[in-house]
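The structure under discussion appears below in the form of structure tokens.
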Amino acid sequence: MDLFQSCRRGDLDRVRYLVENGETELNLRDSWDSTPLYYACLCGHHELVEYLLQNGARCAPNTFDGERCLYAALTDKIRSLLKSYKAITSECMRRDSYREFLRRCLEDSPHADVCFIVHGVPLAAHRLILSARSSYFAEMFMSKWRDRPIIELKNKLVKLWAMRAILQYLYTDRVHIEKDKIDDCIRLARQCKLEDLKTQLEIRLNSIELFGTSKTKTRAITVVSIEPESRSTSLQDAFAHLAESALPSALVSQQFPRQFPFEISSDVFDVSVVCDEPPLYSDVCFVVENQRFYCHKVFFCGRSDYFRALLDGHFSESTSPGKQLFSASIPEVYLNDVTSDVFAAVVAFIYQDEALVTEENVYSVLCFADVYLLGGLKRLCARVISAFLDTENVLTVLRTARLFNLPRLEVDCCEYTSKHLEMFLDNEEFHALILEDASSVRDRQQTDSIPVVDDIRFHLYKGVLPSITSDENESGQFDSETKLIMLNDLLVNLGIEC
Numbered sequence: 001m002d003l004f005q006s007c008r009r010g011d012l013d014r015v016r017y018l019v020e021n022g023e024t025e026l027n028l029r030d031s032w033d034s035t036p037l038y039y040a041c042l043c044g045h046h047e048l049v050e051y052l053l054q055n056g057a058r059c060a061p062n063t064f065d066g067e068r069c070l071y072a073a074l075t076d077k078i079r080s081l082l083k084s085y086k087a088i089t090s091e092c093m094r095r096d097s098y099r100e101f102l103r104r105c106l107e108d109s110p111h112a113d114v115c116f117i118v119h120g121v122p123l124a125a126h127r128l129i130l131s132a133r134s135s136y137f138a139e140m141f142m143s144k145w146r147d148r149p150i151i152e153l154k155n156k157l158v159k160l161w162a163m164r165a166i167l168q169y170l171y172t173d174r175v176h177i178e179k180d181k182i183d184d185c186i187r188l189a190r191q192c193k194l195e196d197l198k199t200q201l202e203i204r205l206n207s208i209e210l211f212g213t214s215k216t217k218t219r220a221i222t223v224v225s226i227e228p229e230s231r232s233t234s235l236q237d238a239f240a241h242l243a244e245s246a247l248p249s250a251l252v253s254q255q256f257p258r259q260f261p262f263e264i265s266s267d268v269f270d271v272s273v274v275c276d277e278p279p280l281y282s283d284v285c286f287v288v289e290n291q292r293f294y295c296h297k298v299f300f301c302g303r304s305d306y307f308r309a310l311l312d313g314h315f316s317e318s319t320s321p322g323k324q325l326f327s328a329s330i331p332e333v334y335l336n337d338v339t340s341d342v343f344a345a346v347v348a349f350i351y352q353d354e355a356l357v358t359e360e361n362v363y364s365v366l367c368f369a370d371v372y373l374l375g376g377l378k379r380l381c382a383r384v385i386s387a388f389l390d391t392e393n394v395l396t397v398l399r400t401a402r403l404f405n406l407p408r409l410e411v412d413c414c415e416y417t418s419k420h421l422e423m424f425l426d427n428e429e430f431h432a433l434i435l436e437d438a439s440s441v442r443d444r445q446q447t448d449s450i451p452v453v454d455d456i457r458f459h460l461y462k463g464v465l466p467s468i469t470s471d472e473n474e475s476g477q478f479d480s481e482t483k484l485i486m487l488n489d490l491l492v493n494l495g496i497e498c
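Using UniProt numbering, read the sequence shown as starting at 1 and increasing by one per residue.
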């Protein structure tokens, strides 16, 4: 894979391009259970190691991954860098905003509706999230724990640290627990019917023991960490049921055209053709074009600053206490500008970090993703738009990418333009774009760079320079050289030197 090869070579520019423009996952594992950070440490690339850590590569101390990277580090300088590693950066949170939202739900407990008391210590939680992630908790909340806001767990075998680990796993798919307390966690995972967690803990414990016996000079691993696979969708799959139950029946097939390949109790989240009652645990109803979306504040307020202001800040576009058809206890919020099919995509994304967006509605979804401050949905729309680029729309899309601050889409547009440059040499819109970029540079000197020209040249130069990872294509190199000459000639004709 390109990322692993680039980390072995120490190609910081290529890694930066893959991460910032390609939205590449940094914690991928290869068939040897190794990460990009491991190879960067092993090969002694200090600047690359620093960049990977700043952008979310995991290397927590006293964990399997952390100690493995520390052991493999080629230089003392890299070891010192790893030891000073800080787990969470703003960039890391941006790149994994979905799990960061769920982490905040657990730690800050906004809109919590249940509290577990474990040996006198309160642990706030959300019935909605626990029920969606665990059939055990779903059944308990419908039976023994029904209508109980405070649940006291007095069993001596239920340890506080184990309960915290279980909640951490259910919310974030992650667990960090001291090694000497792992047996308590495995026991509680078995009690809560979390077989996947139990298995992962046992496998990780075995790996740590094998690593410790083979590496006598390493520090003892004292913390067991469970991290989701880079492409894991277990959280999204669980919360997709919430999105489905929130949608009006007429719009369910739009976002969920196929039946789920897994089962969930119909008593928990019932999606019916006609709903006489709102779904379980819903606490807000959005009304869009007379369609009712029964939703949950914890998701909408946690995922969107717009909806936090709307619902928590005592602000609303239109509330109608007298028109609550299904439940007097659930407030209704009328959204008048958005269409129901666009809002269905917004709802799906808020719950599962994914939505089905079509070529027909992608620009409408993009506009409201911007209004609702959903950066991830904007990037999703950008990927959809990128798939439909052609010579007729690429320049308009490029302007759109700039307007909505979508750098990856802008890169795609410039790359497409570079591949079909001959089609734009006589295009007045292309000429106007170059001139606008030239005039936008404040106090521009005669030879200063022009953004769109630089971006197109970057992709053309990729075709000229020899490739390390693939055989050089002579015809492609000649084509790129010819296009560079044509681009320079165009700039001369426009009276621009750069």
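Note that CB positions come from ideal geometry on N, CA and C, so glycine has one too.
Hey, how far is the Cα of residue i from the Cα of residue j?
i	j	result
Ala60	Pro228	15 angstroms
Asp33	Phe343	41 angstroms
Ile450	Cys43	37 angstroms
Glu354	Ala348	6 angstroms
Tyr294	Ser282	6 angstroms
Thr24	Asp147	44 angstroms
Leu3	Leu425	35 angstroms
Glu139	Leu28	35 angstroms
Phe137	Ile182	21 angstroms
Leu398	Ile434	12 angstroms
Glu332	Ser340	15 angstroms
His459	Pro279	51 angstroms
Val15	Lys419	23 angstroms
Arg231	Leu26	11 angstroms
Leu12	Ala246	44 angstroms
Ile129	Phe299	10 angstroms
Arg303	Gly495	48 angstroms
Leu356	Phe368	15 angstroms
Asn206	Asp180	14 angstroms
Asp454	Ser364	31 angstroms
Val271	Leu395	The predicted position of Val271 is uncertain, since its pLDDT is 47 and thus under 50; no value can be drawn from it.
Does residue i come out as helix, strand or coil in the three-state DSSP assignment?
i	result
Tyr247	The amino acid occupying residue 247 in the given sequence is Leu; Tyr does not appear at that position. Coil at Leu247, not helix or strand.
Gly495	coil
Tyr334	strand
Asn386	For the record, residue 386 in the displayed sequence is Ser; it is not Asn. Helix, per DSSP.
Ile203	helix
Glu152	strand
Arg164	helix
Glu178	strand
Val357	coil
Cys295	strand
Val287	strand
Cys413	helix
Ser225	strand
Ala438	helix
Cys115	strand
Leu123	strand
Below 7 angstroms, is the gap between the Cβ of residue i and the nearest heavy atom of the ligand NAD?
i	result
Tyr38	Absence of the ligand NAD from the depicted structure is noted, as is the absence of any ligand whatsoever, leaving it without description.
Applying the criterion that 16 or more other CB atoms from any shown protein chain within 10 Å of the CB defines a buried residue, is residue i buried or exposed?
i	result
Ser249	exposed
Met163	buried
Phe101	buried
Lys462	exposed
Ser440	exposed
Ile150	exposed
Cys185	buried
Lys67	According to the sequence displayed, residue 67 carries Glu and not Lys. With 16 or more other Cβ atoms within 10 Å, it is buried.
Phe388	exposed
Leu244	Checking the displayed sequence, the identity of residue 244 turns out to be Glu instead of Leu. Per the 10 Å Cβ criterion, buried.
Roughly how far, in whole angstroms, is the beta-carbon of residue i from the beta-carbon of residue j, given that I think they are within contact range, below 8 angstroms?
i	j	result
Ile226	Arg174	6 angstroms
Thr35	Arg103	Actually they do not touch by this definition, with Cβ atoms about 21 angstroms apart.
Leu153	Ile117	7 angstroms
Ile456	Leu491	Wrong, their Cβ atoms sit about 11 angstroms apart, outside the cutoff.
Gln54	Gln236	Not really, about 26 angstroms apart at Cβ, beyond 8 angstroms.
Ala382	Arg408	6 angstroms
Which residues in the same chain have their Cβ closer than 6 angstroms to the Cβ of residue i, if we skip the five residues on either side of it in sequence?
i	result
Ala189	Leu197 and Lys198
Ile78	Cys41, His46 and Val49
Tyr306	Tyr372 and Leu373
Leu160	Val118, His119 and Val121
Ser109	Ala124
With a threshold of 8 angstroms on Cβ separation, who are the neighbours of residue i within its own chain once the five nearest residues in sequence on each side are excluded?
i	result
Thr358	Val384
Thr63	His176, Ile221, Val223, Val224 and Ser225
residue 555	Since the displayed the chain opens at 1 and closes at 498, residue 555 lies outside it and no answer follows.
Gln168	Leu106, Arg174, Val175 and His176
Gly322	Because Gly322 sits at a pLDDT of 37, beneath the cut-off of 50, its placement in the model cannot be relied upon, and the following sentence gives the value as read from the coordinates. Nothing meets the Cβ criterion.
Going by beta carbon distance, what residues of the same chain come within less than 7 angstroms of residue i, once the five residues before and after it are set aside?
i	result
Arg204	Phe64, Val224 and Ile226
Ser131	Phe137, Ala138, Phe141 and Val268
Val19	Leu26 and Asn55
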